[in-house]
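Structure first, then comments.
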Amino acid sequence: MPRTPGFVFPRWFTPSLLSLGLNLPLVLSGLPFSSFDAYTHIFFADHYRRAWFDLVEPRWFGGFSVASYPPLVHQLIALLSLPASALASMLGGAQNETRFRGEAVGFCLLLLLVLAFLPMATERFAAIFVPARAARTAGWLTVGLPSIYLTAYSFGQLPTLAATATLMWALAEGWRFCQTGQRRSLFSAILWAGVTAAAHHAVLLFALVAGAAIAGRALLITLITKTQRHDGSQRFFFGFVKLSVFVPSWLRVAVRLLIWAVSAGLFAALVIWPFIAWSRGYTPQTPIDHASRHNYLTDWLAAYFFFWPMYGPTLLVLPLSALWLFRARRKRRHWPLLIVAFLLFTLGLGGTTPLPQWLFGANWAWLTYDRFSFWAGLALLPFAGLLWEFYRGQFHRKDAKNAKKTDFSFLSAKISVHPRPKCLSTPNPVGPKKEKAFALACPVSFFGVVSLRLILIAFCLYAAFAARWVKSQPPPVDLAAIARFLDRNTANGERYLTFGFGDQLARLSVLTEARTIDGTYFTAREIPELRRSGLGALDGALWNPAGPNSIQPFLARAQEWGVRWAFNMHPAYVEPLIASGWQLQGIVASGVQVWRNPALRVSSEWQAPINVDYQAGLWWGIVPLLVLAMALLTMLARRHILNGSTLLLSSFLVLWPFWHYTTIWTQPRPFVYFTYTSGLLFLADLLIGALVVLVIYNARPFQFSLSPFLPFSLPFFALIIFAFLSIPDSVAPTLSLGFALHLIWLGFAAQAVSQTMKLMDWRVVAYALTAGLILQSAIAIAESATQTTAWLQPLGLTWPGELVASMRGASVVGLPNGLRWLRAYGTLPHPNLLAGYLLVTLAGPLMGYIQTGRKRWLWPLAFGAGALCLTFSRAGWLACGAAMASLIFLLPSNLRRRAAIVLAVLALVSATLVAALGPLFITRLTASDASREETISITTRQQLNDAALTLFKWNPINGVGAGAFLPALVMFRNLAPEPAHNVLLLALAETGAGGGLAVVALGSMILWQAWRRRGEVVFAALSAIMVGLMVMAMFDHFLWSLSPGRTLAAVVMGMWWGCKGRS
25 MPRTPGFVFP
35 RWFTPSLLSL
45 GLNLPLVLSG
55 LPFSSFDAYT
65 HIFFADHYRR
75 AWFDLVEPRW
85 FGGFSVASYP
95 PLVHQLIALL
105 SLPASALASM
115 LGGAQNETRF
125 RGEAVGFCLL
135 LLLVLAFLPM
145 ATERFAAIFV
155 PARAARTAGW
165 LTVGLPSIYL
175 TAYSFGQLPT
185 LAATATLMWA
195 LAEGWRFCQT
205 GQRRSLFSAI
215 LWAGVTAAAH
225 HAVLLFALVA
235 GAAIAGRALL
245 ITLITKTQRH
255 DGSQRFFFGF
265 VKLSVFVPSW
275 LRVAVRLLIW
285 AVSAGLFAAL
295 VIWPFIAWSR
305 GYTPQTPIDH
315 ASRHNYLTDW
325 LAAYFFFWPM
335 YGPTLLVLPL
345 SALWLFRARR
355 KRRHWPLLIV
365 AFLLFTLGLG
375 GTTPLPQWLF
385 GANWAWLTYD
395 RFSFWAGLAL
405 LPFAGLLWEF
415 YRGQFHRKDA
425 KNAKKTDFSF
435 LSAKISVHPR
445 PKCLSTPNPV
455 GPKKEKAFAL
465 ACPVSFFGVV
475 SLRLILIAFC
485 LYAAFAARWV
495 KSQPPPVDLA
505 AIARFLDRNT
515 ANGERYLTFG
525 FGDQLARLSV
535 LTEARTIDGT
545 YFTAREIPEL
555 RRSGLGALDG
565 ALWNPAGPNS
575 IQPFLARAQE
585 WGVRWAFNMH
595 PAYVEPLIAS
605 GWQLQGIVAS
615 GVQVWRNPAL
625 RVSSEWQAPI
635 NVDYQAGLWW
645 GIVPLLVLAM
655 ALLTMLARRH
665 ILNGSTLLLS
675 SFLVLWPFWH
685 YTTIWTQPRP
695 FVYFTYTSGL
705 LFLADLLIGA
715 LVVLVIYNAR
725 PFQFSLSPFL
735 PFSLPFFALI
745 IFAFLSIPDS
755 VAPTLSLGFA
765 LHLIWLGFAA
775 QAVSQTMKLM
785 DWRVVAYALT
795 AGLILQSAIA
805 IAESATQTTA
815 WLQPLGLTWP
825 GELVASMRGA
835 SVVGLPNGLR
845 WLRAYGTLPH
855 PNLLAGYLLV
865 TLAGPLMGYI
875 QTGRKRWLWP
885 LAFGAGALCL
895 TFSRAGWLAC
905 GAAMASLIFL
915 LPSNLRRRAA
925 IVLAVLALVS
935 ATLVAALGPL
945 FITRLTASDA
955 SREETISITT
965 RQQLNDAALT
975 LFKWNPINGV
985 GAGAFLPALV
995 MFRNLAPEPA
1005 HNVLLLALAE
1015 TGAGGGLAVV
1025 ALGSMILWQA
1035 WRRRGEVVFA
1045 ALSAIMVGLM
1055 VMAMFDHFLW
1065 SLSPGRTLAA
1075 VVMGMWWGCK
1085 GRS
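Under our numbering, the residue at position 282 of the sequence shown is numbered 306, and the numbers go up by one with no gaps.
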């Protein structure tokens, strides 16, 4: 159909921008806070602000598990509230009040973002079923869907909005995978499914029916095709397996649907497994009355909230779509979505029809059915867009017969993206004979569009203000005064109750540390009496069919739950309070009475029984946000993802020494430091994990190759096998399993880094390494100058702690005269770790100078060399010397002069420091017997190496278990609980002869490839660093015994191999 002249919006004007423009005034007016659930979600966000990894919230119901509600939306509110709270603190006020202001701002910001994202997601979802123009129209129509305003401003159900938007995006990505077979689409669909589950679990009901509609749509496309043909070679890949087979189109689509459904479902369950674990122990409560389960024909209030504002003019779409599709039988691909829309529409009627009881059985009384109406409206939007585009197209056809059809076209249109019908700007569209028909049709159509716009605006305002117009919430009260009263009078743990506050109870809970046995999220409560009561919140018993007297049994037993105070702002509760013997104490705020429980003693120590799972709390606090971050990255174009990979690798190189960590699991052993017996997740692990995800998503194709083309593949794979074989004989099987799994992960990490390096500019890596070198060198020099690390405490690091030279356990150089000199730690737990990191980062200025010859690279090189000297690490000095010596042999002859200049700079810096601190260097280099510290150091190393050989002799086949050297060391009395300071001896002791041979083979292959490719400048610089690391591994253990050390080694190997061929 040719385009007709008319008004066209500029490209920057999108449905998302229109949604922001329409919703911003509503948000600024404070309308979201008159909704039912806004304060509840702010309360959950406040929990994460206070205790991010703690699943127990003690302020409601005597304690409950926040794993009962998916965390993502609440965590995002908490994160957005941090800068807002900082700004709010400038206005003054109590700390809790300031935090609440920030959380309220965070709620509003996230609401605006979700409302802006929803039209984009709807357009992509609609494009599955209707043409692109109709889908685009559906995106515009989303802005005017009344149920969105009802859900946002009357119900306050931000998680439902967010999860619905992310689900539609996930379905669109899954549809793309079914059509194209692209792995990136499958990966994106799986991640967005996880995001959806982490936002709201109930939206998975929409996923089932919408997924069924997509499956029907996909299969109908193939099955109604006349010719079933083989579409050629279809490649399937999983892990190391690639399979090329010939399959018919319907089978190919069915297999892809199955892969998508199973993988997305399993991943979603994995993301919210703490919620699933909590729900497995859940016992059903007595159903609580909800108006969405009423008969809308007999209950006007139910229809007022859950029918008319849910649909508005959208009600016209369902019958018109069905009528049109019945007439156009060839449009069978639309029927799956129409059936789903009709099903959701019927379920959204709640108790008006028996369908919910038939489908859900006894569980129907616990579901709320407003969300089904909301989803039904979204499912009808593609048909609204299709009808609008169809009738508008028919109106412009140069056919007088079709022109008459447009007289009723405005009935199926809810909103026009044009300010007037295009026919008004089209001169004589069908010729002079039918000009009269168009002259009559245009005003009618124009009047219809304008009328529907006004009706739509009216319904949107009705939906947004529905809760406020019927005064569903009590009038605001001075909660700050009540919070101050509670803070003064609940110091011993006494609890309180509120009556007639409505959802302001949740806001009061944010403003005070006091606790209550009530709350507004009834699903999570653990008190049996409350679960059996059939009441929602005790605060709202007045609006329950049981009436206000239903609270009397709880008032009579309140002392058993530690309740001392009650705050009442409705006269209906006075009678049950008096009947229960409570005493009126006065007025605490305008219109609010305070009542006191006369019991002499209340059980303030009482707490609802809750199972606390630390690992679940850790997962709950990390994984949902991590999945969201990865899902957002999939929205980027390939070039942006490459930039993201570059940024992640550069960040890793700079931030590796900052050992912020959290404990995943631990197996404490007597006298063994916890880092050797625990599974720790470090900041650097998150960075490298995100890098692996990006590379897998972006690669074409990504393979973890086991071919001999990677010099470390075969020996590394052999090392993994021997690590697993050591588990049965291990003295600590859990540690050995974790060690072996970590090796597998490092294989993927090394490959991901290698893939990234192939596409990166070497200068980016050089600058990142140089930045890390300068930063740690500056810290090391400052530590040496001040002889303390106390000034690092603002960084919040566990290591190195507040150290001074006189402190026992600090790593020092001891002179014969008793003087102790604190070695440089940087931000790491030990100076040897700093020496290893400085050795790696010396590659940055080394590459820069040798490649360009610019003298500015020599300054950071000298700076780093000075810091390396101040670590007083003999292993680091030997490693640096070996690296520089090997560099001369690996460089082409015309660049060896630059290598000589590098050696001269290093020698000059070393000589200067030796001249200034001569006795210290002489003591370390000669290991003088006169120094007690040096004697202990040498003796301990010899004893540990002898112990490693002894353990190897005891079990030369499988060793004592990968990573289990220290647990096995307890049989040697009077030995320091440290690993042997030799990686080869550790490998022999822990994994047997096979593991030791694999380590030797790995080193040999690296040396061979370094020599074979000598002459490549960047490769030669990193090869020299690899040689230095191998020398350091002969005198230290961290590259084997500590997970960050293993990660650093894997990243350096990946960088080394990824830069081959660079010159």
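C-beta atoms are modelled at their ideal positions from N, C-alpha and C, and glycine is treated no differently.
Opening and closing residue of the beta strand (DSSP E) in which residue i lies
{"i": "Phe-706", "result": "702-706"}
{"i": "Arg-844", "result": "844-846"}
{"i": "Asn-969", "result": "First-last for Asn-969: 956-978, but that is the alpha helix (DSSP H), not the beta strand (DSSP E)."}
{"i": "Tyr-685", "result": "685-690"}
{"i": "Arg-588", "result": "587-592"}
{"i": "Tyr-520", "result": "519-523"}
C-alpha gap between residue i and residue j, whole angstroms
{"i": "Asn-573", "j": "Gln-528", "result": "21 angstroms"}
{"i": "Tyr-721", "j": "Gly-641", "result": "28 angstroms"}
{"i": "Trp-359", "j": "Gly-54", "result": "41 angstroms"}
{"i": "Thr-161", "j": "Leu-405", "result": "9 angstroms"}
{"i": "Val-788", "j": "Ser-92", "result": "45 angstroms"}
{"i": "Val-616", "j": "Leu-510", "result": "14 angstroms"}
{"i": "Ile-712", "j": "Thr-184", "result": "32 angstroms"}
{"i": "Ala-488", "j": "Gly-517", "result": "40 angstroms"}
{"i": "Ile-238", "j": "Ala-112", "result": "47 angstroms"}
{"i": "Leu-142", "j": "Leu-402", "result": "10 angstroms"}
{"i": "His-318", "j": "Gly-240", "result": "32 angstroms"}
{"i": "Ser-383", "j": "Leu-362", "result": "Note on residue identity: the sequence assigns Leu, not Ser, to residue 383. The straight-line gap from Cα to Cα measures roughly 19 angstroms."}
{"i": "Trp-493", "j": "Leu-373", "result": "22 angstroms"}
{"i": "Ala-288", "j": "Tyr-873", "result": "49 angstroms"}
{"i": "Ala-931", "j": "Ser-897", "result": "16 angstroms"}
{"i": "Ala-570", "j": "Gln-203", "result": "55 angstroms"}
{"i": "Asp-637", "j": "Phe-299", "result": "12 angstroms"}
{"i": "Pro-1001", "j": "Val-719", "result": "39 angstroms"}
Endpoints, the alpha helix (DSSP H) within which residue i is located
{"i": "Pro-1015", "result": "The question names Pro, but residue 1015 in the sequence shown is Thr. Looking at the DSSP string, the run of the alpha helix (DSSP H) that includes Thr-1015 is 1007-1036."}
{"i": "Trp-619", "result": "Run containing Trp-619: none in the alpha helix (DSSP H); it sits in the beta strand (DSSP E), 616-620."}
{"i": "Ile-312", "result": "From DSSP, Ile-312 is part of no alpha helix (DSSP H); its letter is neither H nor E."}
{"i": "Gly-198", "result": "182-204"}
{"i": "Leu-611", "result": "The amino acid at residue 611 is misidentified as Leu; the sequence shows Ile. Careful: Ile-611 lies outside any alpha helix (DSSP H), inside the beta strand (DSSP E) at 607-613."}
Residue i CB to nearest heavy atom of the ligand FMN below 8 angstroms
{"i": "Pro-107", "result": "Although the ligand FMN was asked about, the structure shown includes no ligands whatsoever."}
Same chain only: Cβ atoms within 7 angstroms of residue i, ignoring 5 sequence neighbours per side
{"i": "Gly-1052", "result": "Leu-863, Ala-903, Cys-904, Ala-906 and Ala-907"}
{"i": "Leu-914", "result": "Ala-1034, Arg-1038, Ala-1044, Ser-1047 and Ala-1048"}
{"i": "Pro-739", "result": "Ala-1022, Ala-1025, Leu-1026 and Met-1029"}
{"i": "Cys-1083", "result": "Met-781, Trp-786, Val-1042, Phe-1043 and Leu-1046"}
Cβ-based neighbour list, residue i, same chain, cut-off 8 angstroms, excluding 5 preceding and 5 following
{"i": "Glu-553", "result": "Pro-577, Phe-578 and Arg-581"}
{"i": "Asn-513", "result": "Arg-588 and Trp-589"}
{"i": "Gln-817", "result": "Glu-826"}
{"i": "Trp-606", "result": "Leu-579, Ala-590, Trp-619, Arg-620, Asn-621 and Pro-622"}
{"i": "Ser-43", "result": "Leu-139, Ala-140, Leu-142, Pro-143, Thr-166 and Val-167"}
{"i": "Thr-1093", "result": "Given a span of 25 to 1087 for the chain in the structure shown, any question on residue 1093 remains unanswerable."}
Coarse secondary structure for residue i, derived from DSSP in three states
{"i": "Met-1079", "result": "helix"}
{"i": "Tyr-93", "result": "coil"}
{"i": "Val-647", "result": "helix"}
{"i": "Phe-18", "result": "This structure does not reach residue 18, given that the chain is present from 25 up to 1087, and the question cannot be answered."}
{"i": "Arg-1088", "result": "Outside the displayed range of the chain (25 to 1087) lies residue 1088, so it cannot be described from this structure."}
{"i": "Val-994", "result": "helix"}
{"i": "Pro-1068", "result": "helix"}
Neighbourhood of residue i by C-beta, 6 angstroms cutoff - its chain only, sequence neighbours within 5 removed
{"i": "Pro-884", "result": "Thr-794, Leu-797, Ile-798 and Pro-869"}
{"i": "Ala-1074", "result": "Leu-770, Ala-773 and Ala-774"}
{"i": "Pro-39", "result": "Pro-143, Gly-163, Trp-164 and Val-167"}
Contiguous alpha helix (DSSP H) assignments of at least 4 residues, all confined to the stretch 31-108: 39-52 and 62-74
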